[in-house]
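Visitor: Sharing a structure here in structure tokens format.
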Amino acid sequence: MLLIFSFSLFLRFWQLNRFNTLIFDEIYFADHGFSYLKQLDLFDVHPPLGKYFLALGIWLHAHLFGGATTFAEATAVSQLDAIAYRWLNALTGSLIPLLVGAIAYQFTRRDRLTLLASGFVALDGLLLVESRLSLINVYLIFFGLLGLWCFGKAIADNISLKWLMLAGGFWGACASTKWNGLGFLLGVYLLYGLAWGLDELQHWRSSNPNPSTQPTSPQNPLKVISKIPILQFGLSFGIIPFIIYRLQWIPHLQLQTNFTFLGMQRQILGYHESIGSSVDDHPYCSPWYSWIWMRRPVAYYFDKIEIQGDTTIFDIHAFGNPVLWWFSTLAIFGLIFKWFSSLGNWWTNKQTCANSFYLQSIIITQYFANFLPWASVSRCTYIYHYMPASMLAFMTLAGWVESGLGKRHWLWRSLSLGAIAVIIAGFIFWLPIYLGLPLSPEQFNRRMWFQSWY
């Protein structure tokens, strides 16, 4: 794990300011963080928590890392060294692979699965790109995953209210970064509803006098979830997240005195409702169902220059590791089939592993809660909206690969080792467009396998 963290940290901090200019949405997010520190007017289309962290990074850089004079004289964030508004994102992004590994270990206690899950996340190009820029998706993912780890800890500690409340608090922080952070809360609601639904089915089967049914009804495999008292559930995943969400607005509203709390929510909602949904509105719009195949990445930065008569391209693409994404999509499909098979076994009184079904249910509910709601969104959407769900997909792939490595037959072990090898090879091959390394037009085109990737 130390090696994975060191690898992630190195890639995120290596020449972090090699493009010492605002890139893509840094023109908004980094500027907002700077504006909070300078007490300047701003209008934001997301809740403010993520920008508070950007402001914290700028402040720490100014006061601890020798940037005080530059910050004091600056009238715009563009006058700062890019490291000032990027370094905290890079550090946070470096921790996400470890956090995914911690979740995998929390729910499975399997060392090899933990290493694979962390490694796959460390080999995702989109997370690397987002971590190297002053954007806020890394905070959404960090808080969402931290909440999931706390939830697992609560279940392992016999429904600990302390850990349930911490999970709700972190998921409240997740929604305080962007509204789509509510997906993690939706996932736990779905899981709780599913557990209660299976409880009702079990009760109905036990009390059904039909002699054709089995004389005994198997234990609800999600009983550990339905045992959470409803008042504790409501406190942890209703009241606590709302309190966190409401409190984080206080500094923003003290600066923007023309708006009330409800007024800001209406402003944000109105903005997102006003955005169109076609490529005419933004050339990198992509429908939600295309993300799992990585059909339309986003070019965050592109520059073409002539050096001694040769054309050189510098490109930063919001671009996942294609091999990792495609394999993880297949892994999710496989998990869905396995989950329905386990549910069918439970219904027919066949042997069902409760721990396995419990883990499958958590991944499936969290994955779809972070993915399927985008089907109802009418505004322009982008591939980075899939990032929270992708973390669950990478974990699922790690589970399949780890299972293959444990098989006795050489074919399964070979397939698992082959999957790991091509994922690593894919990361190395596309690394230049994650880091913005110089490429010739031929080298660049070689990495754009489809027209939609340009």
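Quick note, the numbering used here runs 273 ahead of the 1-based positions in the sequence shown. Idealized CB from N, CA, C, for every residue including glycine. Here the structure is a predicted model, which means the values were calculated and not measured.
1. Look at the alpha carbon of P646 and the alpha carbon of G454, and state the distance between them as a whole number of angstroms.
2. Report all residues from its chain with a CB closer than 7 Å to the CB of T387; omit the five preceding and five following residues, and keep chain order.
3. Just to confirm, are N493 and Q475 a CB contact at a threshold of 9 Å?
4. Nearest-angstrom Cα distance between S634 and W566?
5. Give the secondary structure of T365 by DSSP, where H, G and I count as helix, E and B as strand, and everything else as coil.
6. For W722, count neighbouring Cβ atoms within 10 angstroms of its own Cβ and tell me buried if that reaches 16, exposed if not.
7. What's the gap between the Cα of G593 and the Cα of L528?
8. Tell me which residue opens and which closes the beta strand (DSSP E) that I589 is part of.
9. Let me know the secondary structure DSSP gives K611 once reduced to three states.
10. Beta strand (DSSP E) containing D304: first to last residue?
11. As a quick exercise: from D298, G470, V596, pick the residue whose alpha carbon is nearest that of I500.
12. In angstroms, rounded to a whole number, what distance separates the CA positions of L684 and C447?
13. Report the CB separation of L669 from L608 in whole angstroms; it is logged as a contact under 8 Å.
14. Buried or exposed for W287, please, with buried defined as at least 16 other CB atoms from any protein chain shown within 10 angstroms of its CB.
15. Mapping DSSP to helix, strand and coil, what is S408?
16. How long is the line joining the alpha carbons of F534 and E473, rounded to whole angstroms?
17. Look at the alpha carbon of A642 and the alpha carbon of F457, and state the distance between them as a whole number of angstroms.
18. From F338 to A328, what does the alpha carbon distance come to, in whole angstroms?
19. Output yes or no for whether 9 Å exceeds the beta carbon distance between L424 and L437.
20. Leaving aside the five residues before and after I357 along the sequence, list all residues of the same chain whose C-beta is less than 6 Å from its C-beta, in chain order.
21. Classify P370 as buried or exposed, calling it buried when 16 or more other Cβ atoms lie within 10 Å of its own Cβ.
22. From F532 to W360, what distance separates their C-alpha atoms?
23. What do you reckon, are the CB atoms on A662 and F393 nearer than 9 Å?
24. By Cβ distance, which residues of its chain are closer than 7 Å to V461, with the 5 residues on each side in sequence left out?
25. Which of the three DSSP states, helix, strand or coil, is assigned to L712?
26. Out of G543, I409, G709, state which residue places its alpha-carbon closest to the alpha-carbon of K451.
27. In the DSSP assignment, find the alpha helix (DSSP H) that holds I637 and state where it starts and stops.
28. Determine the direct distance from the alpha carbon of H525 to that of M537, and round the result to whole angstroms.
29. How far does the beta strand (DSSP E) with I541 in it reach, from first residue to last?
30. The alpha helix (DSSP H) that contains V318, what's its start and end?
31. Which of helix, strand or coil does DSSP assign to F575?
32. Could you say which of D384, A692, R720 lies nearest to M274 if we only look at CA atoms?
33. Would you grab the beta carbon distance between Y659 and G398 for me? Rounded to a whole angstrom, and I think it's under 8 Å.
34. Helix, strand or coil for I580 per DSSP?
35. Would you mind stating whether N293 and D354 have Cβ atoms separated by less than 9 Å?
36. Please report the distance separating the alpha-carbon of R686 from that of R720.
Guide: If we stick to the structure as given:
1. Looking up residue 646 in the sequence shown gives position 373. Looking up residue 454 in the sequence shown gives position 181. Cα to Cα, P646 sits roughly 11 Å from G454.
2. The residue labelled residue 387 in the question sits at position 114 within the sequence shown. G374, A377, Y378.
3. Looking up residue 493 in the sequence shown gives position 220. Looking up residue 475 in the sequence shown gives position 202. Here N493 is near Q475, since their CB atoms are less than 9 Å apart.
4. By one-based count along the sequence shown, residue 634 stands at place 361. By one-based count along the sequence shown, residue 566 stands at place 293. Each residue's Cα considered, the two are about 23 Å apart.
5. As a first step, residue 365 must be located in the sequence shown, where it is residue number 92. Here T365 carries a helix assignment [DSSP, helix/strand/coil].
6. Residue mapping note: residue 722 aligns to position 449 of the sequence shown, counting from 1. With fewer than 16 other Cβ atoms within 10 Å, it is exposed.
7. Indexing the sequence shown from 1 puts residue 593 at position 320. Indexing the sequence shown from 1 puts residue 528 at position 255. Approximately 37 Å, taken between the alpha carbons.
8. Translated into positions along the sequence shown, residue 589 becomes position 316. Following the DSSP letters along the chain, one finds I589 inside the beta strand (DSSP E) bounded by residues 583-591.
9. Sequence index remark: in the sequence shown, residue 611 carries index 338 (1-based). Note: K611 maps to helix in three-state DSSP.
10. As a working note, residue 304 is residue 31 in the sequence shown. Counting along the chain, D304 falls outside any beta strand (DSSP E), though it belongs to the alpha helix (DSSP H) covering 299-311.
11. Position 227 of the sequence shown, counted from the start, is the residue given in the question as residue 500. A small fix is needed here, since residue 500 is Lys in this sequence, not Ile. Per the Cα distances, G470.
12. Numbered from its first residue, the sequence shown carries residue 684 at position 411. Numbered from its first residue, the sequence shown carries residue 447 at position 174. If you take the alpha carbons of L684 and C447, they lie about 42 Å apart.
13. Along the sequence shown, one-based indexing puts residue 669 at 396. Along the sequence shown, one-based indexing puts residue 608 at 335. Checking the sequence shown, residue 669 turns out to be Thr, not Leu. Contact between T669 and L608 holds: their C-beta atoms lie close to 5 Å from each other, under 8 Å.
14. Looking up residue 287 in the sequence shown gives position 14. That one is exposed.
15. Walking along the sequence shown from the start, residue 408 turns up at place 135. The sequence as given places Leu at residue 408; Ser does not occur at that position. Reduced to three states, the DSSP call for L408 is coil.
16. Counting from one through the sequence shown, the residue named residue 534 turns up at place 261. Counting from one through the sequence shown, the residue named residue 473 turns up at place 200. If you take the alpha carbons of F534 and E473, they lie about 40 Å apart.
17. Within the sequence shown, residue 642 is the residue found at index 369, counting from 1. Within the sequence shown, residue 457 is the residue found at index 184, counting from 1. Looking at the two C-alpha atoms, the distance is approximately 7 Å.
18. For this step, residue 338 is matched to residue 65 along the sequence shown. For this step, residue 328 is matched to residue 55 along the sequence shown. Rounded to whole angstroms, F338 to A328 spans 15 Å at the Cα level.
19. One-based indexing of the sequence shown puts residue 424 at position 151. One-based indexing of the sequence shown puts residue 437 at position 164. What sits at residue 424 in the sequence shown is Phe, not Leu. Taking 9 Å as the Cβ cut-off, F424 and L437 qualify as a contacting pair.
20. By 1-based counting over the sequence shown, the position of residue 357 is 84. Here residue 357 turns out to be Ala, not Ile, going by the sequence shown. The residues are I331, H334, G340.
21. Along the sequence shown, read from residue 1 onward, the residue named residue 370 stands at position 97. The C-beta of P370 has 16 or more other C-beta atoms within 10 Å across all chains shown, which makes the residue buried.
22. Taking the sequence shown and counting its residues from 1, the one referred to as residue 532 is at position 259. Taking the sequence shown and counting its residues from 1, the one referred to as residue 360 is at position 87. The alpha-carbon atoms of F532 and W360 are separated by roughly 31 Å.
23. Residue mapping note: residue 662 aligns to position 389 of the sequence shown, counting from 1. Residue mapping note: residue 393 aligns to position 120 of the sequence shown, counting from 1. No, the Cβ-Cβ distance between A662 and F393 is not below 9 Å.
24. Start at 1 with the first residue of the sequence shown, and residue 461 comes out as number 188. Taken in chain order, the residues that qualify are F424, F510.
25. The residue you call residue 712 lines up with position 439 of the sequence shown. Strand at L712.
26. Counting from 1 along the sequence shown, the entry for residue 451 is found at position 178. Of the candidates G543, I409, G709, the one whose C-alpha sits nearest the C-alpha of K451 is I409.
27. For the purposes of this step, residue 637 is taken as residue 364 along the sequence shown, with counting starting at 1. Per DSSP, I637 belongs to the alpha helix (DSSP H) from 627-644.
28. Against the sequence shown, residue 537 aligns to sequence position 264. Against the sequence shown, residue 525 aligns to sequence position 252. So the two alpha carbons sit approximately 10 Å from each other.
29. On the sequence shown, residue 541 is found 268 positions in, with the first residue counted as 1. Here I541 belongs to no beta strand (DSSP E); instead the alpha helix (DSSP H) covers 534-547.
30. Numbered from its first residue, the sequence shown carries residue 318 at position 45. Taken as a continuous stretch (DSSP letters only), V318 belongs to no alpha helix (DSSP H), as it is neither H nor E.
31. Against the sequence shown, residue 575 aligns to sequence position 302. Look at F575 here: in three-state DSSP terms it is strand.
32. Reading the sequence shown from its first residue, position 1 is the one you call residue 274. It is D384 whose Cα lies nearest to the Cα of M274.
33. Start at 1 with the first residue of the sequence shown, and residue 659 comes out as number 386. Start at 1 with the first residue of the sequence shown, and residue 398 comes out as number 125. Contact between Y659 and G398 is absent: CB atoms are separated by about 13 Å, not below the 8 Å threshold.
34. By 1-based counting over the sequence shown, the position of residue 580 is 307. If DSSP states are grouped into helix, strand and coil, I580 belongs with the strands.
35. Here the question's residue 293 lines up with position 20 in the sequence shown. Here the question's residue 354 lines up with position 81 in the sequence shown. Going by C-beta atoms, N293 is nearer than 9 Å to D354.
36. Within the sequence shown, numbered from 1, the residue matching residue 686 stands at position 413. Within the sequence shown, numbered from 1, the residue matching residue 720 stands at position 447. Taking the Cα positions, R686 is about 29 Å away from R720.
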